[in-house]
Amino acid sequence: MAEGGHDHSKKCKMGIVVDGLGRLDRALSLENYLGNLVSIPSDEARVGEIKMMALNQVADVVHKCVEGAKEEHFLGLIDWVELHRPKQIVAKVYFKESNDEATVVVSSGQRFIVSEMDFGGGRPDFGSYYFPWGGQTGYVMPMQSISREGDWVVFMHLPEKHLDLVEKEASHVFRPVTPAYLKFRDDY
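So, in structure tokens, the structure goes:
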């Protein structure tokens, strides 16, 4: 995101979706709880700052952001939601400000195991998280490939200039998803 930015004073924001159920003490009673417990801790930095960092320094910033989502964070989140419901809430990272270069939310498809689903027609050939939601915040969502053992499919909903940068700089890592890659049959 920063690499595609030319104004070094603009900010890049990143939110990381964190599953809270796995971070709570198992002794806590969740018997009356139904649903997901996720939070999107986020951080930001100026384009110029990010461009000066080595990749491992950027990774350290991301790790610190995620590490902040500990048990007490999620317990506070539960209390806050209980106090404010049924009002709708949206994570702060989804609001783009005028001084933002780009904002992206990164999630993980580890728990959405498409290869184990069967709605009566057999195992699917492809599963997708993609949804056109109309916001300005991008998202990156990796999930295990159904078609190829050990591969990952990474869904990216980003501005075109950032997608172009991924194709240019990381074509050795990412390849486009094609019908041949997905092993689609001719009888579809």
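Quick note on numbering: the working numbering labels position 170 of the sequence shown as 154, and the sequence is numbered without any gaps.
Beta carbons are placed, not taken as given, at the ideal position from N, Cα and C, and that holds for glycine.
Burial state of residue i (16 or more Cβ within 10 Å)
i, result
"Pro174", "Absent from the model: residue 174. The displayed extent of the chain is -15 to 172, so no value can be given."
"Tyr172", "Low per-residue confidence applies at Tyr172: pLDDT is 45, beneath 50, and the placement is therefore not dependable, though the value from the model is reported in the following sentence. Exposed, since its Cβ has fewer than 16 Cβ neighbours within 10 Å."
"Gly65", "Position check: residue 65 holds Val in this sequence, whereas Gly was assumed. Result: exposed."
DSSP state of residue i mapped onto helix, strand, coil
i, result
"Glu133", "coil"
"Tyr27", "The identity of residue 27 in the sequence shown is Asp, whereas the question assumes Tyr. Three-state result, Asp27: strand."
"Val1", "coil"
"Tyr123", "strand"
"Glu85", "strand"
"Lys152", "helix"
"His(-8)", "coil"
"Tyr172", "Here Tyr172 scores only 45 on pLDDT, less than 50, and its place in the model should not be relied on; the value that follows carries that caveat. Coil at Tyr172, not helix or strand."
"Phe191", "Residue 191 lies beyond the residue range present for the chain, which begins at -15 and ends at 172; the question has no answer from this structure."
"Phe58", "helix"
"Val50", "helix"
Residue nearest to residue i in terms of C-alpha spacing, selected from the options
i, options, result
"Gly118", "Leu8, Phe79, Ser112", "Phe79"
"Glu133", "His68, Val74, Ile97", "Ile97"
"Gly106", "His57, Arg7, Arg30, Ile130", "Ile130"
"Val31", "Phe139, Leu39, His(-10)", "His(-10)"
"Met201", "Gly4, Ser92, Gly111, Gln94", "Not covered by the structure: residue 201. The range shown for the chain is -15 to 172."
"Thr162", "Lys145, Asp109, Glu144, Thr121", "Asp109"
"Met(-2)", "Ala38, His47, Leu8", "His47"
For residue j and residue i, the rounded distance between their alpha carbons
i, j, result
"His141", "Leu59", "31 Å"
"Tyr123", "Pro116", "11 Å"
"Pro126", "Leu166", "16 Å"
"Gln94", "Val42", "23 Å"
Cβ-heavy atom distance, residue i to the ligand MN, below 7 Å
i, result
"Met36", "The model depicted lacks the ligand MN and carries no ligand whatsoever."
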